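Here's the structure, in structure tokens; my notes come after.
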Amino acid sequence: MENNQTQKIVTRFAPSPTGFVHVGNLRTALYAWAYARKNKGTFILRIEDTDKAREVEGSIEHVMESLKWIGVNWDEGPDIGGPNTPYKQSERLDSYIKYAKILIEKGFAYADPYTEEEVEAFRKKADEEKRPFLYRDHRPENPPVWNGSLPLRFKVKDIKSYEWNDLVRGHLKAGAEALDDFILIKGDGYPTYNFAHVIDDLEMGVTHIMRGDEFISSTPKFLSLYDALEIKRPEFVMLPPIMGPDGKKKLGKRDGAKDFLEYKKEGYLPSAMINFLAFIGWNPGTEKEILTPEEFIELFDLKQIHISGGSFNEDKLNWINKEHIKLLPENDLEKYVFEWLPKELQIKKIVPIIAERIYKFGEIKDMVEKGELDFFYKEPSYDKEKLIYKDTAKEIILKNLINVVDQFSKIEELKFDKNEVRTCLDVISLETGKKGEVLHPVRLALSGLEKSPDPFIISEILGKEETISRLNKAILLLS
RNA sequence: GGCCUUAUCGUCUAACGGUUAGGACAUCGGCUUUUCAAGCCGGUAAUCCGGGUUCGAUUCCCGGUAGGGUCACCA
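Counting from 1, position 119 in the first sequence corresponds to residue 119 in our numbering; the numbering is continuous, with no gaps.
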């Protein structure tokens with residue numbers, strides 16, 4: 001388990017193209033990537049497309065787009081090649097056949113003569129008897145010579161309990177029940193995951209295998225295969241599961257796990273997604289919760305990976321995203337916000353106002369649709385009763401508004417900013433002694449909304465002329 | 001059912017065997033304030049149960065309970 005200082009770290013992310021990737025897949029990719037980056041190693045993207053029936057068109061592009069979105073870049077992969085090309089399992093069949101032949105020669109593999117229905121019957125019987133299904137209980141006595149059209153099975157010669165070390169969980173073991181004559185090559189000529197990934201990892205020089213803990217129980221199968229081929233075991237890094245929001249079930253596509261790119265569509269930041277994903281199953285052991293991707297790589301350490309599952313908490317994601325929005329340089333923030341705004345609302349000065357009120361950029365869409373921002377570019381319409389602050393007499397409100405217009409008129413056009421406006425309104429408030437009676441009607445006259453940003457900044461954004469014009473409209477309404 | 005694995009506030013988590021069990025999100029309250037948002041301050045809230053080992057267990061061991069995984073010609 002000790003890291004050999006001279007050995008270059010090689011990790012990989014190996015999705016199967018069966019549709020979109022979700023946060024669980026991405027977290028695995030993220031850790032493998034971060035570990036490689038931190039150790040100046042190599043991160044490989046490999047496509048495990050050996051199940052032709054489940055393959056979904058466009059998946060590979062979708063996976064790559066998901067990774068690219070959050071900046072998880074690979075050093076070798078199907079699109080860019082590398083020293084161990086090809087990076088799609090469907091194009092590596094020769095390798096699997098080569099090793100299959102070695103196994104046959106060594107007596108570690110044999111053809112499976114049963115039909116799928118027959119095997120299914122064995123399984124059903126075992127299930128009814130509440131026994132684990134083991135093919136080796138039905139191992140044929142004189143299997144036919146393998147000709148490529150029958151499934152090829154691994155032959156477990158030494159049925160024993162296996163033990164191994166895991167960099168996260170430490171010492172692990174499994175009973176002999178976990179060992180079976182699993183299929184190496186299917187009837188259709190494609191290898192199974194169990195076989196293919198072992199060969200690929202060997203040929204690609206993968207040093208650390210990171211994957212979800214659902215693979216713990218099949219690890220003895222891999223181990224027996226390593227032994228048969230006399231391959232040195234790679235390091236195992238079992239990642240804890242990500243549970244759904246209820247904290248009970250493992251998060252999976254069937255339980256509503258979202259397409260990872262949905263988060264992009266909803267307006268989350270890549271850096272926030274990395275931060276959030278990183279913290280499901282790992283933390284730096286300090287009280288720091290907001291990390292940039294660079295900080296994450298720097299701090300990432302296998303020793304701090306958790307062993308128990310964590311649940312996906314959207315509230316926390318939202319909070320993290322908000323914190324990352326705060327970290328955004330002005331220009332980037334503006335770019336993001338403008339993406340969600342119609343032309344007429346692409347006003348520089350409203351960017352911070354909006355940013356302060358959202359967790360994710362998608363919320364801007366709602367604000368726009370509800371017309372909550374319209375007053376920034378067009379005169380609001382509102383019920384005149386709303387101008388009245390609490391039970392203040394109409395005459396007082398009117399008098400104050402007239403006073404405000406009077407004072408605003410005296411401010412130089414170029415000096416008409418939020419500070420000047422605030423000072424001016426403060427003076428008037430001080431004279432009347434009732435702040436609300438002055439500020440509320442002004443704010444309402446400008447925004448037309450019960451809830452809005454303060455009147456100072458609105459005045460600045462609207463400018464002197466428009467501000468006074470709106471205040472005059474309000475005066476007219478009340479008269 | 002077999003095998004494997006996990007267990008600290010509602011959630012994510014911290015705590016060389018010795019802490020008033022810490023932090024964050026959420027929630028509640030207060031301050032600030034014309035409203036909203038933000039900000040600041042504070043509150044509620046946890047070691048699954050039972051045995052051991054120990055002067056002393058959240059921590060180590062055993063058992064129970066509860067959760068998760070796995071038992072494919074899927075990965």
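The C-beta atom is built at its ideal place from N, Cα and C for all residues, glycine as well. As the structure is a computational prediction, the values presented were derived from the model and not from experiment.
_Is it buried or exposed, N275, if we count other Cβ atoms within 10 angstroms and call 16 or more buried?_
Along the first sequence, one-based indexing puts residue 275 at 275. Buried: at least 16 other Cβ atoms inside 10 Å.
*Can you tell me the Cβ-Cβ gap for F13 and T28, rounded? I've got them flagged as a contact below 8 angstroms.*
Reading the first sequence from its first residue, position 13 is the one you call residue 13. Reading the first sequence from its first residue, position 28 is the one you call residue 28. Rounded, the Cβ-Cβ distance is 7 angstroms, consistent with contact.
*Report yes if the CB atom of K160 is closer than 9 angstroms to the CB atom of A176, and no otherwise.*
Here residue 160 refers to the residue found at position 160 of the first sequence. Here residue 176 refers to the residue found at position 176 of the first sequence. Yes, the Cβ-Cβ distance between K160 and A176 is below 9 angstroms.
*Apply the 10 Å Cβ neighbour rule to Q304 and answer buried if 16 or more other Cβ atoms are within range, or exposed otherwise.*
Translated into the one-based positions of the first sequence, residue 304 becomes position 304. By the 10 Å Cβ count, Q304 comes out exposed.
*Going by DSSP, which residues form a beta bridge with Y110?*
As a position in the first sequence, residue 110 is number 110, starting the count at 1. In DSSP, Y110 forms a bridge with R153.
_DSSP three-state label for H22, please._
In the first sequence, the residue the question calls residue 22 occupies position 22. It is coil, neither helix nor strand.
*What separation, rounded to the nearest whole angstrom, lies between the Cα atoms of E363 and N321?*
For the purposes of this step, residue 363 is taken as the residue at position 363 of the first sequence. For the purposes of this step, residue 321 is taken as the residue at position 321 of the first sequence. Using only the alpha carbons, I get a separation of about 12 angstroms.
_E413 versus T467, D454, N25 and P441, residue with shortest Cα-Cα distance_ = In the first sequence, the residue the question calls residue 413 occupies position 413. Cα-wise, what sits closest to E413 is T467.
*Take the Cβ of K101 as the centre, count every other Cβ of all protein chains shown within 10 Å, and call the residue buried at 16 or more, exposed below.*
What you label residue 101 is simply residue 101 of the first sequence in a count that begins at 1. Looking at its Cβ environment, which holds fewer than 16 other Cβ atoms inside 10 Å, K101 is exposed.
*asked:* Quick check on V10: does DSSP put it in helix, strand or coil?
replied: In the first sequence, the residue the question calls residue 10 occupies position 10. In the structure shown, V10 sits in a strand (DSSP, three-state: E or B).
*Indicate whether P453 and L401 have their beta-carbon atoms separated by less than 9 angstroms.*
Taking the first residue of the first sequence as position 1, residue 453 is located at position 453. Taking the first residue of the first sequence as position 1, residue 401 is located at position 401. No, the Cβ-Cβ distance between P453 and L401 is not below 9 angstroms.
*Is it true that the CB of T219 sits closer than 9 angstroms to the CB of F195?*
Locating residue 195 in the first sequence gives position 195, where the first residue counts as 1. Locating residue 219 in the first sequence gives position 219, where the first residue counts as 1. Their beta carbons are not under 9 angstroms apart, which means F195 does not touch T219 by this criterion.
*Cutoff 6 angstroms; reference L373; Cβ partners in own chain excluding five residues on either side*: The residue you call residue 373 lines up with position 373 of the first sequence. Contacts found: L345 and M367.
*Based on the DSSP output, what are the partners of I305 in its beta bridges?*
The sequence position of residue 305 within the first sequence is 305, counting from 1. Bridge partners of I305: W282.
*R470 - DSSP class collapsed to helix/strand/coil*: For the purposes of this step, residue 470 is taken as the residue at position 470 of the first sequence. If DSSP states are grouped into helix, strand and coil, R470 belongs with the helices.
*CB-CB under 8 angstroms to A109, same chain, minus the five flanking residues each way: which ones, in chain order?*
Along the first sequence, one-based indexing puts residue 109 at 109. For A109, where only same-chain residues beyond five positions count, the Cβ hits under 8 angstroms are A100, L103, W146, L152, R153, F154, K155 and L184.
*Proximity winner among T115, G19 and W33, relative to I70 (alpha-carbon distances)*: Your numbering for residue 70 matches position 70 in the first sequence. It is W33 whose Cα lies nearest to the Cα of I70.
*Return helix, strand or coil for S311, following the three-state DSSP convention.*
Taking the first residue of the first sequence as position 1, residue 311 is located at position 311. Here S311 sits in strand by DSSP.
*Would you mind working out which of G267, A272 and L302 sits nearest P284, comparing C-alpha positions?*
Taking the first residue of the first sequence as 1, we reach residue 284 at position 284. The candidate whose alpha carbon is nearest that of P284 is L302.
*What is the rounded straight-line gap between the Cα of K264 and the Cα of E450?*
Mapped onto the first sequence, residue 264 falls at position 264. Mapped onto the first sequence, residue 450 falls at position 450. If you draw a straight line from the Cα of K264 to the Cα of E450, it is about 32 angstroms long.
*Measure the C-alpha to C-alpha separation of T207 and A36 and round it to an integer number of angstroms.*
Within the first sequence, residue 207 is the residue found at index 207, counting from 1. Within the first sequence, residue 36 is the residue found at index 36, counting from 1. Straight-line Cα distance between these residues: approximately 10 angstroms.
*Buried or exposed by the 16-neighbour rule on C-beta atoms within 10 Å, applied to R92*: Along the first sequence, one-based indexing puts residue 92 at 92. So R92 counts as buried.
*Please name the residue or residues paired with V237 in a DSSP beta bridge.*
Position 237 of the first sequence, counted from the start, is the residue given in the question as residue 237. Per DSSP, M210.
_Given this structure, state the Cα-to-Cα distance separating L234 from G187, to the nearest angstrom._
By one-based count along the first sequence, residue 234 stands at place 234. By one-based count along the first sequence, residue 187 stands at place 187. Looking at the sequence shown, residue 234 is not Leu but Pro. P234 and G187: Cα-Cα distance of roughly 29 angstroms.
_For L134, three-class secondary structure by DSSP_ = The residue given as residue 134 occupies position 134 in the first sequence. Residue state, collapsed to three classes: coil.
*Is it the case that the Cβ atoms of S447 and L439 are separated by a distance below 9 angstroms?*
Here residue 447 refers to the residue found at position 447 when the first sequence is read from its first residue. Here residue 439 refers to the residue found at position 439 when the first sequence is read from its first residue. In this structure, S447 keeps its C-beta atom at 9 angstroms or more from the C-beta atom of L439.
*Cβ-based burial, P17 [other Cβ within 10 Å; buried from 16]*: Against the first sequence, residue 17 aligns to sequence position 17. The C-beta of P17 has 16 or more other C-beta atoms within 10 Å across all chains shown, which makes the residue buried.
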